[in-house]
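Peer 1:
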Amino acid sequence: MTTALIWFRRDLRLADNPALMAALDSAERIVPVYIHAPEEEGGWAPGGASRWWLHHGLARLGQDLAELGAPLVIRTGPSLETLQDLIRETGASHVHWNRLYEPDIIHRDTRIKQALQAQGVRARSFNGALLLEPWAVQNRSGDPYRVFTPYWKACQAQGALEVSLQPRPGRLMSASEDCRGEALESLGLLPTISWDAGLAEAWTPGEEGAHTALEGFLDHALADYGEDRNLPDRVGTSRLSPHLHFGEISPRQVVHACQRAVAQGRHRGADASVKAFLGEVGWREFGHHLLFHFPHTPLNPLDTRFEDFPWPPRDDDALQAWQQGRTGLPIVDAGMRELWTTGWMHNRVRMITASLLTKNLLIHWREGARWFWDTLVDADLASNTLGWQWTAGCGADAAPYFRVFNPVLQGERFDPKGDYVRRWVPELKNLPDKYLHKPWQAPESVLRGAGVRPGRDYPRPIVDLAVSRREALAAWETLRQSA
1 MTTALIWFRR DLRLADNPAL MAALDSAERI VPVYIHAPEE EGGWAPGGAS RWWLHHGLAR
61 LGQDLAELGA PLVIRTGPSL ETLQDLIRET GASHVHWNRL YEPDIIHRDT RIKQALQAQG
121 VRARSFNGAL LLEPWAVQNR SGDPYRVFTP YWKACQAQGA LEVSLQPRPG RLMSASEDCR
181 GEALESLGLL PTISWDAGLA EAWTPGEEGA HTALEGFLDH ALADYGEDRN LPDRVGTSRL
241 SPHLHFGEIS PRQVVHACQR AVAQGRHRGA DASVKAFLGE VGWREFGHHL LFHFPHTPLN
301 PLDTRFEDFP WPPRDDDALQ AWQQGRTGLP IVDAGMRELW TTGWMHNRVR MITASLLTKN
361 LLIHWREGAR WFWDTLVDAD LASNTLGWQW TAGCGADAAP YFRVFNPVLQ GERFDPKGDY
421 VRRWVPELKN LPDKYLHKPW QAPESVLRGA GVRPGRDYPR PIVDLAVSRR EALAAWETLR
481 QSA
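The sequence shown begins at 1 in the UniProt record's numbering and counts up by one.
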């Protein structure tokens, strides 16, 4: 009987999985395999929060596969040698996987495909993660896009939103009994000290959890997404980013579900919200487009002028205060505490916290990107790089460097009743709304009545917003003139 290996990576689902369907079409038996080889991901092996998610996502995938008759075989790398071992053990003639787009992984996968094909194995890869491949969209000059709006228009012109789905397979015939596997626990993905209770409370990893989250979003938040997505005190976003990163749901399934909901009349009059949400799906595509064409950007700015930006020596105390949510700026601290507790942060607050780090504290955007990489459950190299360079003003389609988010004004505008700050910075919960986002301006009598002692119960601001903004703009002006 013919046998195919289906190599799972960040496509932890059964439905709409092109590599899985190809494996089933090419052979009578399959061996689902996951290979743990973080050292092959260069300097971007999964951080702590991502490892937590990966453990639970693999556990759920393993259960789903076992129920269909094909248990997941877990091995530790190196990937090529492990695949070759499995081929010898099972007699597999085909190996199938869905593509990933990080630079180090592209080089590894190319080498693996060439080596397997050279030994007579049919090795094929598929697009299971994006609406369009990064190389499929070019401007009229044949170059990659660097601005989102024309990019997304081009994607739609090429049929990015015209999706069809592959079904979830039924009973599987397995050859997994021909090879041994390792216990999921042996990978050491879970934390050795218990800091993950908030993650477990906030998330349900796995394919079923992804679809539950999607349907909840369609039922309760999509209609008002255009407005509510900017309000961190509300559940106004989809929270699908970690499920998309780990491939527990595909972007095609997300687009299809939105289109189905509209066709069913569930969101009459919400065209702007649907368009805005699908644009965010496009923003994710744009991140992968940029990472593929500009693979240096996780560490270096796309705008080469910023290679000479005069970053001062790193202020470790300020960086630590930012990481721990002790800056004395309430909406920033709320966001950083939400991140530490749940592994996620509202997108509006991500921009506010990133702006403070890069433009008020003048700490390099790479420091923030690394912290997000370790603490986000949706840490994605393409999206993380795009977001940090956008805020720092040195990337594609970037916010101008002179746009500095004022955390006080942002808090007053997007958290006007203070529900978000009061949830995550409870020591300020008794302050009146007028002073909640700027407690240092509250009269002594108000602070005393709220039980807030500046510098003891809650820190004073670690930076003067007006002065630091002027310093940042002066640094940019120096760079601009030298360029």
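By construction, the Cβ of each residue, glycine as well, lies at the ideal position given by its N, Cα and C atoms.
Predicted model, so just to flag it, every value in this text is computed and none were measured.
Using a Cβ distance threshold of 8 Å, determine whether the region 273–280 contacts the region 74–82, with at least three qualifying pairs required.
Peer 2: Judged by Cβ distances under 8 Å, the region 273–280 makes no contact with the region 74–82, as fewer than three pairs qualify.
Peer 1: If I'm right that LEU161 touches VAL254 with Cβ under 8 Å, what's the distance once you round it to whole angstroms?
Peer 2: Contact flag wrong, Cβ pair sits at about 11 Å.
Peer 1: Using only CA atoms, which one of ALA483, PRO18, TRP340, ASP316 lies nearest to THR304?
Peer 2: The candidate whose alpha carbon is nearest that of THR304 is ALA483.
Peer 1: What would DSSP say about ALA92, mapped onto helix, strand or coil?
Peer 2: Three-state result, ALA92: coil.
Peer 1: Answer yes or no: do ARG260 and ALA15 have a C-beta to C-beta separation smaller than 8 Å?
Peer 2: Result no, Cβ atoms of ARG260 and ALA15 do not sit closer than 8 Å.
Peer 1: Just mark VAL235 as buried or exposed, buried being the case when its beta carbon has 16 or more other beta carbons within 10 Å.
Peer 2: Result: exposed.
Peer 1: Which residue's Cα is closest to the Cα of ILE112: SER174, TYR101, ARG124?
Peer 2: It is ARG124.
Peer 1: With DSSP as the reference, identify every bridge partner of ILE35, one or two as the case may be.
Peer 2: Partner(s): ARG75.
Peer 1: Report yes if the C-beta distance between residue 487 and LEU356 is below 8 Å; otherwise report no.
Peer 2: Because the chain here runs from 1 to 483, residue 487 falls outside it and cannot be looked at.
Peer 1: Which term fits ALA466, buried or exposed, when burial requires 16 or more other beta carbons within 10 angstroms of its beta carbon?
Peer 2: ALA466 should be labelled exposed.
Peer 1: Using the C-alpha atoms, what's the distance from MET1 back to residue 486?
Peer 2: Limits of the chain in this structure are 1 at one end and 483 at the other, which puts residue 486 out of reach.
Peer 1: Check whether the region 236–249 and the region 48–61 are in contact - that is, three or more C-beta pairs closer than 8 Å.
Peer 2: Because the criterion of three Cβ pairs below 8 Å is met, the region 236–249 and the region 48–61 touch.
Peer 1: Just verifying my parser: in three-state terms, what is the DSSP assignment at ASN98?
Peer 2: Strand.
Peer 1: Any idea which residues DSSP pairs PHE126 with across the strands?
Peer 2: Beta-bridge pairing links PHE126 to ASN98.
Peer 1: Taking all protein chains shown into account, do 16 or more other C-beta atoms lie within 10 angstroms of the C-beta of GLU338, making it buried, or fewer, making it exposed?
Peer 2: Classification of GLU338: buried, given that the 10 Å Cβ count is 16 or more.
Peer 1: Quick check: the Cα distance between PHE148 and TYR34, rounded to an integer number of angstroms?
Peer 2: Straight-line Cα distance between these residues: approximately 34 Å.
Peer 1: In whole angstroms, what separates the C-alpha of HIS96 from that of CYS258?
Peer 2: Computed Cα separation, rounded: 29 Å.
Peer 1: Would you mind listing the alpha helix (DSSP H) stretches within the region 130–207 that are 4+ residues and don't spill past its ends, in chain order?
Peer 2: Fully enclosed alpha helix (DSSP H) runs of 4 or longer: 148–157, 197–202.
Peer 1: Smallest Cα separation from GLY395: which of TYR458, PRO443, LEU361, ASN300?
Peer 2: If we check each option's Cα against that of GLY395, ASN300 comes out closest.
Peer 1: Can you say whether ASP333 is buried or exposed, counting buried as having 16 or more other CB atoms within 10 angstroms of its CB?
Peer 2: So ASP333 counts as buried.
Peer 1: Based on Cα-Cα distance, which residue from ALA45, GLU28, ARG75, ARG9 lies nearest to ASN98?
Peer 2: Taking only the C-alpha atoms, the option nearest ASN98 is ARG9.
Peer 1: Identify whether ILE6 lies in helix, strand or coil by the three-state DSSP scheme.
Peer 2: If DSSP states are grouped into helix, strand and coil, ILE6 belongs with the strands.
Peer 1: Measuring CA to CA, which of GLY181, GLU133, LEU362 is closest to GLU89?
Peer 2: When each option's Cα is compared against that of GLU89, the closest is GLY181.
Peer 1: Would you tell me roughly how many angstroms separate the C-alpha atoms of ALA129 and GLY226, rounded to the nearest one?
Peer 2: Their Cα atoms are separated by approximately 25 Å.
Peer 1: Would you kindly work out how many angstroms separate the C-alpha atoms of PHE405 and TRP44, rounded to a whole number?
Peer 2: Those two C-alpha atoms are separated by around 29 Å.
Peer 1: Around the Cβ of ASP143, are there at least 16 other Cβ atoms within 10 angstroms (buried) or fewer (exposed)?
Peer 2: When all chains shown are included, ASP143 counts as exposed.
Peer 1: Among residues of its own chain, excluding the 5 on either side of THR237, which ones have a beta-carbon nearer than 6 Å to its beta-carbon?
Peer 2: Contacts found: ARG229.
Peer 1: May I ask you to report which of helix, strand or coil DSSP gives LEU105?
Peer 2: Reading the sequence as shown, one finds Ile at residue 105 and not Leu. Helix, per DSSP.
Peer 1: In three-state terms, what does DSSP make of ARG29?
Peer 2: In this structure, ARG29 counts as strand in the three-state DSSP scheme.
Peer 1: Comparing alpha-carbon positions, which option in ALA475, GLU285, SER176, ASP374 lies nearest LYS153?
Peer 2: Among ALA475, GLU285, SER176, ASP374, the Cα nearest to that of LYS153 belongs to GLU285.
Peer 1: Can you tell me where the alpha helix (DSSP H) holding LYS429 begins and where it ends?
Peer 2: Where LYS429 is concerned, there is no enclosing alpha helix (DSSP H), given that its DSSP letter is neither H nor E.
Peer 1: Identify whether TYR458 lies in helix, strand or coil by the three-state DSSP scheme.
Peer 2: In the structure shown, TYR458 sits in a strand (DSSP, three-state: E or B).
Peer 1: Between ASN360 and ALA472, how many whole angstroms is the CB-CB distance? I'm expecting something under 8 Å.
Peer 2: The pair is a contact, with the Cβ atoms about 7 Å apart (cut-off 8 Å).
Peer 1: Taking the alpha helix (DSSP H) that THR375 falls in, what are its first and last residues?
Peer 2: 365–375 is the extent of the alpha helix (DSSP H) around THR375.
Peer 1: Use the C-beta contact count for SER174: other C-beta atoms within 10 angstroms, 16 or more gives buried, fewer gives exposed.
Peer 2: It counts as buried.
Peer 1: Examine the Cβ distances between the region 413–421 and the region 304–324 and report whether three or more of them are shorter than 8 Å.
Peer 2: Result no; under three Cβ-Cβ pairs closer than 8 Å.
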